[in-house]
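Visitor: According to my numbering, the residues represented by the sequence shown are 1 to 171, in order. Quick one: the structure is below, questions incoming.
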Amino acid sequence: GTIYKAMDGRVTAKRPRYGYIKTDPKNSQYVLHPEESKVMRAIYEKIIYEGQTLYQISKWLNDSGIPTRFKTGFWTAGTLYQLVKSPVYKGVFYANRVYQVHTGEYNEAGRPKRTNKTRPQEEWIEIEVPAIVTPAEWDIAQEVMKRNATKSTRNGKKGSWLLQGFIRCAI
């Protein structure tokens, strides 16, 4: 039923992404959340135009007291990474993207443990949703995050140099 729902152009997510509200459980569409969508827009602007890192943005969000929808109750760089990498913010929701596989292990309650696997991209079903950023801005944010990762000291190798990631040899 989920595949038919997606083929009909309806969102199949159980919980809406941060910044969105689901209109109805059965005839589900995404609509922009009035406050959360502004927060997501500000996050992208800080990445693109101010060049801030995800750690700096998470600190700003926590210091500003902006509420989250997450179990932890506070913002982390890892949470922001998952949000900013999501294509839903540029107006595209992909249904039928992952499937679950049993690992062969069981949890304390005796239920089988599962892991998510990604399907081939040809099987994904694309659904248009309201965009918070333009596709060009989304692409720029991905590039800035990639560039920030190369400059990060934690990603340096043993024997790293002071200006690693900032200068290049002309040859």
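Think of the CB as a built atom: it goes at the ideal place given N, C-alpha and C, for glycine as much as any other residue.
(1) Provide the residue span of the beta strand (DSSP E) that contains R114, from first to last.
(2) So, at 7 Å on beta carbons, what are the nonlocal neighbours of E36 in its own chain, with the 5 sequence-adjacent residues on each side left out?
(3) For the candidate residues I47, A77, K90, I48, whose alpha-carbon lies nearest to that of I127?
(4) Where K14 and I171 are concerned, what is the direct C-alpha to C-alpha distance, given to the nearest angstrom?
(5) Do V39 and I57 count as a contact pair if the criterion is CB distance below 8 Å?
(6) Which residue marks the beginning of the beta strand (DSSP E) containing V92, and which one marks its end?
(7) Tell me whether E108 sits in a helix, a strand or coil according to DSSP, three-state version.
(8) Give the straight-line distance between the Cα atoms of H33 and C169, rounded to the nearest whole angstrom.
(9) Would you say the segment 86–106 touches the segment 128–140, given that touching needs at least three Cβ pairs under 8 Å?
(10) Alpha carbon to alpha carbon, how far is G110 from G1?
(11) From the DSSP output, read off the bridge partner residues of Y30.
(12) Rounded to the nearest angstrom, what separates L61 and E143 at their Cα positions?
(13) Which whole-angstrom value is the C-beta distance of V84 and I47, which I expect to be below 8 Å?
(14) Closest to N116 by CA distance: which of R97, E105, M145, W75 is it?
(15) Looking at the structure shown, is T2 part of a helix, part of a strand, or coil, going by DSSP?
(16) State buried or exposed for N3, treating a residue as buried only when at least 16 other CB atoms are found within 10 Å of its CB.
(17) Measuring CA to CA, which of D63, A95, S64 is closest to R10?
(18) Would you tell me roughly how many angstroms separate the C-alpha atoms of I140 and L54, rounded to the nearest one?
Guide: Looking at the coordinates:
(1) 112–118
(2) Y18, G19
(3) K90
(4) 52 Å
(5) no
(6) 92–95
(7) coil
(8) 47 Å
(9) yes
(10) 28 Å
(11) K22
(12) 22 Å
(13) 7 Å
(14) R97
(15) helix
(16) Correcting the residue identity first, residue 3 is Ile in this sequence and not Asn. When all chains shown are included, I3 counts as exposed.
(17) A95
(18) 15 Å
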